[in-house]
Amino acid sequence: MKPKMAETIQAGLQNSELTCARAFKIAEELGALPLEVGRAADEMGVRLAKCQLGLFGYGPKSEGKHKIVKPMENVPAALEQAIRAAMDDKGLACTQAWAIAKRLGIPKMDVSSAAEALGIKITVCQLGAFPRPKTP
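If you're matching positions, the sequence shown starts at 0 in numbering that gives the first Met the number 0 and goes up one per residue.
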């Protein structure tokens with residue numbers, strides 16, 4: 000790990016955690032991939048927090064408070080179509096969820112909320128928080 004990255008991560012901690020948004024900002028500032036920042040944080044023993052899709056880092060998992068995303072009541076047809084077109088047999092990659100949000104001009108959390116309602120799992124966190132599910 001590059002010393003500058005460790006320094007920047009350390010400086011960006013909030014309550015000893017690195018938020019998803021801050022991790023992406025660090026990647027941008029250092030010209031690194033988000034995955035490199037996530038791996039560096041992991042090597043440093045730093046927990047990632049406040050996933051921008053609402054999937055983790057919002058409280059104790061043991062209490063069921065780790066995620067804040069809730070299923071969308073009515074998923075617009077265009078959003079469902081975009082999600083289904085972008086997914087693979089494992090689910091919808093985080094990068095794809097972000098791309099859909101950008102393309103449709105909606106919040107990232109709306110995409111994860113729609114995926115939740117459709118029973119589609121978000122996979123492959125860009126920071127490495129959860130890897131691609133293994134094929135049995």
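Ideal placement from N, C-alpha and C gives every residue a C-beta, glycine not left out. No experiment lies behind these values; they were computed from the predicted model shown.
Point to revise | Limits of the beta strand (DSSP E) - the one that Glu-62 falls within | key: First-last for Glu-62: undefined, no H or E at that position.
Check your understanding: Considering Leu-48, what are the terminal residues of the alpha helix (DSSP H) in which it resides?
Key -> It should be noted that the sequence gives Ala, not Leu, for residue 48. Where Ala-48 is concerned, there is no enclosing alpha helix (DSSP H), although the beta strand (DSSP E) it sits in stretches over 46-48.
Exercise for review: Taking Arg-102 as the reference, give the member of Gln-80, Glu-115, Ile-119 with the closest Cα.
Suggested key: Gln-80
Exercise for review: Whole angstroms is fine: what's the gap from Pro-33's alpha carbon to Leu-126's?
Suggested key: 5 Å
Check your understanding: Whose C-beta lies closer than 7 Å to the C-beta of Pro-70 among residues of the same chain, with five residues either side of it excluded?
Key -> Ser-112, Glu-115, Ala-116
Check your understanding: How is Glu-16 classed by DSSP in three states: helix, strand or coil?
Key -> strand
Point to revise | Asp-41 in three-state terms, based on DSSP | key: helix
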